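Numbering (the working numbering), first residue to last: 5 to 231.
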Amino acid sequence: MTENFLDSIGELSVQKRNRHISAIITFIESYLDDFIIIYYDEYSNITNETGITHELCSFFESKINEHPFYFHHEDRAIPDSGQSPSVDFGVKTREPFGEFKNRQTVFSIEAKRLPTLGSGREKEYVLSPTGKSGGIERFKKGIHGSGLKYSAIIGYVQKNDFSFWFSKINYWIDELIKDESQNIEWTEEDKLTKIYFEQKKAKLISKNKQRKDYIFLYHFWIDLRSN
Numbered sequence: 005m006t007e008n009f010l011d012s013i014g015e016l017s018v019q020k021r022n023r024h025i026s027a028i029i030t031f032i033e034s035y036l037d038d039f040i041i042i043y044y045d046e047y048s049n050i051t052n053e054t055g056i057t058h059e060l061c062s063f064f065e066s067k068i069n070e071h072p073f074y075f076h077h078e079d080r081a082i083p084d085s086g087q088s089p090s091v092d093f094g095v096k097t098r099e100p101f102g103e104f105k106n107r108q109t110v111f112s113i114e115a116k117r118l119p120t121l122g123s124g125r126e127k128e129y130v131l132s133p134t135g136k137s138g139g140i141e142r143f144k145k146g147i148h149g150s151g152l153k154y155s156a157i158i159g160y161v162q163k164n165d166f167s168f169w170f171s172k173i174n175y176w177i178d179e180l181i182k183d184e185s186q187n188i189e190w191t192e193e194d195k196l197t198k199i200y201f202e203q204k205k206a207k208l209i210s211k212n213k214q215r216k217d218y219i220f221l222y223h224f225w226i227d228l229r230s231n
């Protein structure tokens, strides 16, 4: 039953039909474990989202070796526009393959703290009061990941545990489903589906409705709470 459901929302199909995406997901999943160790050893004084993301992107790049992709920090959706929105980091091709050109972004990654600090920003993993900076919201609106089938959000858990955030985020989405004033449509498929919760890392997936299509988001959460 679980396998059929995960297949319907992309978890198994990505392994069968999109090997390049599967390789990116496997890379992220594998090296997040090492980053958590290094974070506690070297970077635990860094608690702001931008600083952690900078170190994470640098760490991924240091481990890339012969993979056919690389990580680009602050990846702009429209490079020739100074006003273009940028995702925290994009995964780009080293060489052409399939429909993708050389140095083209094939996977976008946004990072969010859990919780997000600041007045009115509690729900920013999902959406923001401005309608422009929510994590899931940006992918649903095509601000991030436009034209992509798969992308990810990495959550830096700094308070409470994975189960807390799983329940909280799905509760927020439940509220949005019922809210007819929203300018984008929220459905049950937008809610997170748990793949696993480990001691320091969690993996979830969601199928998020856009205006004309869907994007599948992997949610990787790492426990960066003070020991």
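Ideal Cβ positions, reconstructed from N, Cα and C, are used throughout, including at glycine. All figures in this text were calculated on a predicted structure; none of them were measured in a lab.
Could you spell out the range, first to last residue, of the beta strand (DSSP E) harbouring residue i?
i: ASN212; result: 205-213
i: GLY139; result: Looking at the DSSP string, GLY139 is not in any beta strand (DSSP E); the run it does join, the alpha helix (DSSP H), is 139-144.
i: LEU118; result: 109-118
i: PHE201; result: 197-201
Between the alpha carbons of residue i and residue j, how many angstroms are there, rounded?
i: GLU193; j: VAL130; result: 14 angstroms
i: ARG107; j: LYS213; result: 27 angstroms
i: SER85; j: SER150; result: Residue placement at SER85 is flagged as unreliable, the pLDDT there being 46, under the threshold of 50; a coordinate-derived value is accordingly withheld.
i: GLU114; j: ASN174; result: 19 angstroms
i: LEU152; j: PHE224; result: 18 angstroms
i: ILE82; j: LYS96; result: Note on ILE82: pLDDT 49, under 50, position unreliable in the model; no value is reported.
i: PHE75; j: LEU60; result: 10 angstroms
i: ARG215; j: LYS145; result: 7 angstroms
i: ARG23; j: THR109; result: 16 angstroms
i: LYS163; j: PHE73; result: 33 angstroms
i: ASN52; j: SER185; result: 32 angstroms
i: PRO133; j: GLY122; result: 12 angstroms
i: PRO119; j: ILE25; result: 28 angstroms
i: GLY135; j: SER171; result: 22 angstroms
i: ILE29; j: LYS182; result: 32 angstroms
i: ASP45; j: ILE188; result: 42 angstroms
i: ILE177; j: LYS127; result: 10 angstroms
i: GLN203; j: ILE226; result: 9 angstroms
In the DSSP assignment, what residue or residues form a beta bridge with residue i?
i: TRP225; result: GLY159, ALA206
i: ILE219; result: ASN212
i: PHE73; result: THR97
i: TYR175; result: Paired residues: none, contrary to the question.
i: TYR154; result: PHE220
Under DSSP, the alpha helix (DSSP H) around residue i begins and ends at which residues?
i: GLU33; result: 23-42
i: THR57; result: 53-66
Below 8 angstroms on the Cβ atoms is my guess for residue i versus residue j; work out the distance and round it to an integer in Å.
i: SER221; j: ILE157; result: Strictly speaking, residue 221 in this sequence is Leu, with Ser absent from that position. The Cβ separation is near 6 angstroms, so the contact holds.
i: TYR154; j: PHE111; result: 6 angstroms
i: ASP42; j: PHE63; result: What sits at residue 42 in the sequence shown is Ile, not Asp. The Cβ separation is near 7 angstroms, so the contact holds.
i: HIS77; j: PHE93; result: 5 angstroms
i: ALA206; j: PHE166; result: 4 angstroms
As a quick exercise: from the options, pick the residue whose alpha carbon is nearest that of residue i.
i: PHE39; options: ASN52, SER26, THR57; result: THR57
i: LEU36; options: GLU53, LYS67, GLU141, GLY55; result: LYS67
i: ILE32; options: GLY138, GLY159, GLU53, PHE170; result: GLY159
i: ILE140; options: PRO100, PHE201, LYS116, PHE166; result: LYS116
i: ILE209; options: GLY122, TYR47, ILE199, LEU121; result: ILE199
i: ASN69; options: GLN186, SER171, HIS148, ARG98; result: ARG98
i: SER48; options: ASP183, VAL161, LYS211; result: VAL161
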